[in-house]
Amino acid sequence: MTCNLDRRNFLKMGLGILGCALIPEELLAAPAKLRKKLEVKTLNFYNLHTEEKLSVNYWVNGQYVRQALKKINFIFRDHRANISKPIDTELLDLLFTMKKGLKIKEPFRIISGYRAPLTNEMLAQNSDGVAKNSYHLKGMAVDISLEGMNLKKISDFAMKLEKGGVGYYPQSNFVHLDVGPVRHW
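Those letters in the sequence shown? Residues 3 to 187, per my numbering, in order.
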């Protein structure tokens with residue numbers, strides 16, 4: 003038997019072996035049916051103030067992806083103070099549920115994510131709609147819109163989920179979502 007192994011085939015074989023070595027042992031041992039059911043949760047964002055875009059798999063094989071969460075924290079940051087804070091994963095899961103339920107293809111347009119205390123105080127002084135103890139301060143809230151989707155539809159769907167607060171602001175073109183107590187306005 004002859005072994006006809008040129009450089010290209012050698013490299014292909016090496017990459018195949020390396021790929022197998024990177025697959026977790028538990029996954030290799032899992033039955034084929036189980037492997038097919040493993041889920042990846044992806045979210046897409048566009049920050050209206052910084053014009054940054056992010057498409058990220060934030061949850062893979064039953065675990066949150068640390069590097070993905072860091073990227074989300076950054077795009078959700080207080081753009082005025084350039085400060086970020088960890089965004090509550092319940093909020094991300096709420097957005098994912100909305101993405102699936104509303105069949106959203108477009109990125110969530112972030113109007114306001116995390117807010118530093120000084121930013122929130124400044125906004126509260128200039129607007130009646132900003133709470134002094136806002137969930138934005140805790141990384142538990144986001145103000146969003148979606149290109150081509152009616153705000154009322156977004157708001158109504160979020161209220162039906164009963165996962166936290168929902169604020170409908172048609173005059174300002176956004177919906178507020180948070181993972182605090184269930185309430186709406």
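C-beta: ideal position from N, C-alpha, C; glycine also.
None of these values were measured; they are calculated from a predicted model.
Within this structure, are the beta carbons of residue i and residue j separated by less than 8 Å?
i, j, result
"Ile74", "Ile85", "no"
"Val177", "Val168", "yes"
"Tyr137", "Phe78", "no"
"Ile156", "Ile112", "no"
"Asn46", "Phe110", "yes"
"Val144", "Leu179", "yes"
"Arg82", "Thr52", "no"
"Tyr171", "Lys154", "no"
"Ile106", "Leu50", "no"
Span of the alpha helix (DSSP H) holding residue i?
i, result
"Phe188", "As shown, the chain starts at 3 and ends at 187. That puts residue 188 outside it, with no answer to give."
"Leu50", "Where Leu50 is concerned, there is no enclosing alpha helix (DSSP H), given that its DSSP letter is neither H nor E."
Per DSSP, what are the beta-bridge partners of residue i in this structure?
i, result
"Thr44", "Asn59"
"Asp130", "Answer is none; Asp130 lacks a bridge partner."
"Ile85", "Asp80"
Could you spell out where the beta strand (DSSP E) holding residue i opens and where it closes?
i, result
"Asp95", "Element bounds for Asp95: not the beta strand (DSSP E) but the alpha helix (DSSP H), Thr91 to Gly103."
"Asp145", "Ala143 to Ser147"
"Asp180", "Phe176 to Asp180"
"Val168", "Gly167 to Tyr171"
Per DSSP, what kind of secondary structure is residue i in: helix, strand or coil?
i, result
"Gln65", "strand"
"Ser157", "helix"
"Tyr116", "coil"
"His138", "helix"
My understanding is that residue i touches residue j, with C-beta atoms under 8 Å, so please give their C-beta distance in whole angstroms.
i, j, result
"Trp61", "Lys43", "4 Å"
"Gly166", "Leu96", "7 Å"
"Pro119", "Leu139", "6 Å"
Does any C-beta atom of chain B lie closer than 8 Å to the C-beta of residue i?
i, result
"Val168", "The structure shown contains no chain B, having only a single protein chain."
Compute every distance between the C-beta of residue i and the non-hydrogen atoms of the ligand PLP, then say whether any falls below 7 Å.
i, result
"Lys134", "By its list of ligands, the structure shown contains no ligand whatsoever, and the ligand PLP lies outside what it can speak to."
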